[in-house]
Amino acid sequence: MALLEVNTIHTYYGAIHALKGISIQVEQGEIVTLIGANGAGKSTTLNTICGILHPHQGSILLDGEPIHGLRPHEIVARGVAQAPEGRRVFGRLNVIENLEMGAFARKDKAGIRRDMERVFTLFPRLKERAKQVAGTLSGGEQQMLAIGRALMASPRLLLLDEPSMGLAPILVEAIFDTIREINAQGTTILLVEQNALMALSVANRGYVLETGNIVLHDSASALQKNEMVRKAYLGEE
Amino acid sequence: MLYRLRRKISGTTVFMWIIGLGILAMVVVGSAQTLASGRYPSDQWLVLTIYGVAQGSVYALIALGYTMVYGILRMINFAHSEVFMSGPFIGYYVATALDEAGFLDRQPVIGLGIVLLAAMATSTTIAVLLERIAYRPLRRAPRLVPLITAIGASFFLQYTFRGLFGSGVKGYPEIDQLKGYWLIPGTQFGVLKTQGVVIVAAVIMLVGLYLFVQRTKTGKSLQAVSEDKDIAALMGIDVDRAIVITFIIGGALAGAAGVLYALLFRQVNFFMGFFPGIKAFTAAVLGGIGNVVGAMLGGLFLGIAESLFPNLVLDGLGIPAPYQLKDALAFILLVVVLIFRPTGILGERLAAKKA
């Protein structure tokens, strides 16, 4: 059984039919990426999985149990955490407080402390800035904090929405190295990216989204070689 | 450079500055003349200041309800003045019953505690019901809708209380132990016992609330929800629960403020929420709406200004019966602060934050 199973979901954004029957499967231990142009429905897919939006049709199963009727905080408690697009850290709270918020639903103090150490090991920069208010961090540091904050929920499935957005190339490399490391430590990852090249280089499999439909689904290496993908998303003529 | 300056400063801005500076000049001239005339001894200023602190701490407690609800829902809860009124109103019946049994005089501390708890419970209940019935169904509606609902709820509560309990003014029983003054050792100067109790009780609650918001996990989660509701939910925070907690805190503080208000003025009626409510709202805006510490400072500032300014400023300007203008003063202050600092004393630049 797949860890996450999204079955032909339709989601509306107001009057806009944003997702038109999307199906995705994520197996335990994988990195799966969703690539596609701006407005294809990538973030909408993640937000539907998280419960911020609700699908009109279709089902979302986590370990075989439906989660599409639950509210966001209930879905987090079942082990799905998201580092959202645009980072959206709590600007008035400091780094540690942001991380504590990530662990809000948890009661195991020892586990929380262990995960805080884990985040600080992954991102030593955050440890240096532990008491700094998040609003004053640089873009790269905020992205680290957003990922760290999501990890504090100790998720089985980590959703990453555009982690490379607005970052300098060298930071993008660093963030993707960390994504690999997080996955190697046992966290399954569903990654949404506009930077298809980077995304396919870390992922096992990929889905290509176009205006609310999945048009292509294959292993990452096959997608990297695919004519259409190369043209549309890897910037080749 | 000069061109940029001219574009930034429009005619309206200049006009507003002139109004603001004019009011400031009046304050300075008035105070100088009063102080030069030496009409009031320094003792009197101290008495007025202490009265102002007592009054201001009540404003501060009410203002917290406005500011916290605004912080979390971006909505002005205009029915908060009735949340404030309902507490001491029900508290009055408890206090009278205790007084008639003689309990209030025998055990003033426990008696007052019971009245306080009854008032806080009443106000909290009303605040939570308001949120559940009047505001929650409208959470996704345009912002004007809950605002109008709040005004409607305010009238509804006022006239419900009037219908149930009558429109007359009800006098709170006086506690014997709270009559008179506490002399400050080594001086001739005394503090009214009621004012002393009000200040001490309010400061305890203000400090308690500050620690709760800044130090506890729940308090921090309220800050997180007020910054970004969707993301807070993604952290596993139950947003609805956080909103209810906010209303509970606002209601409890308003109920407590109501009892303190009743200690100071010893009367309640169905309309009593209006002026303290609107002044506390002013205090919240003065401090920077959405900001907890700002509401506290704004409340204290407004209370002190209200008690000092009539004698200090208006008297010096030769205005007859200056104390009658006390209520107008709050709003003059509001205008001045908003001219020079539109976001309030501790407010952030909302526009800049959204960008």
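Chains as they are written, first to last, in the working numbering: chain A, 1 to 237; chain B, 238 to 592. Ideal Cβ placement from N, Cα and C applies to all residues, glycine included.
Given a threshold of 16 other Cβ atoms within 10 Å of its Cβ, counted over all protein chains shown, does residue i qualify as buried or as exposed?
i	result
VAL346 of chain B	exposed
PHE123 of chain A	buried
GLN281 of chain B	exposed
HIS73 of chain A	buried
ALA565 of chain B	exposed
ASP297 of chain A	Because chain A in this structure spans residues 1 to 237, residue 297 of chain A falls outside the shown range and cannot be described.
VAL290 of chain B	buried
GLY56 of chain A	One detail in the question is off: residue 56 of chain A reads as His in this sequence, not Gly. The residue in question, HIS56 of chain A, is exposed, as its Cβ has fewer than 16 Cβ neighbours within 10 Å.
GLY206 of chain A	buried
TYR418 of chain B	exposed
GLN82 of chain A	buried
SER599 of chain B	Lying outside 238 to 592, the shown extent of chain B, residue 599 of chain B is not represented and no answer is given.
THR519 of chain B	buried
GLU30 of chain A	buried
ARG452 of chain B	exposed
THR188 of chain A	buried
VAL119 of chain A	buried
LYS591 of chain B	With a pLDDT of only 35 at LYS591 of chain B, under 50, the local geometry of the prediction cannot be trusted, and the value read off the model is given with reservation. Exposed, by the Cβ-count rule.
GLN28 of chain A	exposed
VAL462 of chain B	buried
PHE104 of chain A	buried
Is any beta-carbon of chain B found at less than 8 Å from that of residue i?
i	result
PHE176 of chain A	no
GLN143 of chain A	no
LEU151 of chain A	no
ARG205 of chain A	no
GLU100 of chain A	yes
GLU275 of chain A	No information on residue 275 of chain A is available, as it lies outside the stretch 1 to 237 that chain A covers here.
HIS73 of chain A	yes
GLN82 of chain A	yes
ALA251 of chain A	There is simply no residue 251 of chain A to check, as chain A begins at 1 and stops at 237 in what is shown.
VAL76 of chain A	yes
GLY166 of chain A	no
PHE90 of chain A	yes
LEU93 of chain A	yes
Counting only beta-carbon separations shorter than 8 Å, does residue i have a partner in chain A?
i	result
ILE468 of chain B	yes
ALA589 of chain B	At ALA589 of chain B, the pLDDT of 40 sits below 50, so the modelled position is not reliable; the number obtained from the coordinates is stated separately. Chain A, which has no Cβ nearer than 8 Å to the Cβ of ALA589 of chain B, makes this no.
ILE474 of chain B	yes
LEU471 of chain B	yes
GLU368 of chain B	no
ALA461 of chain B	yes
GLU337 of chain B	no
LYS516 of chain B	no
ASP465 of chain B	yes
SER458 of chain B	yes
LYS430 of chain B	no
LYS407 of chain B	no
Taking the alpha-carbon of residue i as reference, which of the options has the nearest alpha-carbon?
i	options	result
GLY86 of chain A	A:GLN143, A:TYR207, A:ASP177	A:GLN143
VAL450 of chain B	B:THR483, B:THR424, B:ASP475	B:THR483
VAL496 of chain B	B:ALA269, B:ARG578, B:GLN432, B:LEU375	B:GLN432
VAL76 of chain A	A:MET152, A:SER43, A:LYS20	A:MET152
VAL424 of chain B	B:LEU443, B:SER279, B:ALA355	Note that residue 424 of chain B corresponds to Thr in the displayed sequence, not to Val. Measuring from the Cα of THR424 of chain B, the nearest candidate turns out to be B:SER279.
TYR396 of chain B	B:PHE511, B:PRO422, B:ARG376	B:PHE511
ILE385 of chain B	B:ALA316, B:PHE568, B:LEU500	B:ALA316
VAL476 of chain B	B:PHE577, B:GLY456, B:THR362	B:GLY456
SER43 of chain A	A:SER221, A:GLN194, A:ALA105	A:GLN194
THR304 of chain B	B:THR453, B:LEU446, B:VAL251, B:GLN561	B:LEU446
GLY91 of chain A	A:LEU53, A:GLU100, A:VAL133, A:GLY64	A:VAL133
ALA489 of chain B	B:ILE363, B:PHE393, B:LEU335	B:ILE363
ARG373 of chain B	B:PHE568, B:ARG478, B:ALA542	B:ARG478
ILE16 of chain A	A:GLY39, A:VAL26, A:GLU5, A:ASN94	A:GLY39
LYS407 of chain B	B:ALA499, B:LEU335, B:ALA567	B:ALA499
GLY405 of chain B	B:VAL382, B:LEU570, B:ILE576, B:PHE326	B:PHE326
PHE402 of chain B	B:GLU337, B:TYR277, B:TYR330	B:TYR330
Contact defined as beta carbons within less than 8 Å: I believe residue i pairs with residue j. What is the distance between those atoms, to the nearest angstrom?
i	j	result
GLY148 of chain A	LEU126 of chain A	6 Å
GLY212 of chain A	GLY58 of chain A	At roughly 12 Å, the Cβ-Cβ gap does not stay under 8 Å, so GLY212 of chain A and GLY58 of chain A are not in contact.
THR11 of chain A	ALA2 of chain A	Contact flag wrong, Cβ pair sits at about 20 Å.
GLY553 of chain B	ALA269 of chain B	7 Å
THR286 of chain B	ASN548 of chain B	Not confirmed; about 11 Å, so no contact.
GLY581 of chain B	LEU523 of chain B	6 Å
ILE480 of chain B	ILE309 of chain B	6 Å
Return yes when the C-beta of residue i is under 7 Å from any heavy atom of the ligand GDP, and no when it is not.
i	result
SER323 of chain B	For the structure depicted, the ligand GDP is absent and the ligand set is empty, with no information on it obtainable.
How about residue i: is its C-beta nearer than 8 Å to some C-beta of chain E?
i	result
ILE52 of chain A	Of the protein chains in the structure, A and B, none is chain E.
Curious, which full-length alpha helix (DSSP H) runs of at least 4 residues does the segment 351 to 415 of chain B contain? 381 to 402
Hey, which unbroken runs of the alpha helix (DSSP H) at 4 residues or more fall wholly within the segment 486 to 531 of chain B? 511 to 524
Enumerated in chain order, which unbroken segments of the beta strand (DSSP E) with a length of 3 residues or greater are wholly contained in the segment 200 to 225 of chain A? 205 to 210, 213 to 219
Which parts of the segment 24 to 90 of chain A are runs of the alpha helix (DSSP H), unbroken and 4 residues or longer, counting only runs that do not cross its ends? 42 to 50, 72 to 77
At 4 residues or longer, what runs of the alpha helix (DSSP H) sit wholly inside the segment 278 to 354 of chain B? 279 to 310, 317 to 337, 340 to 343
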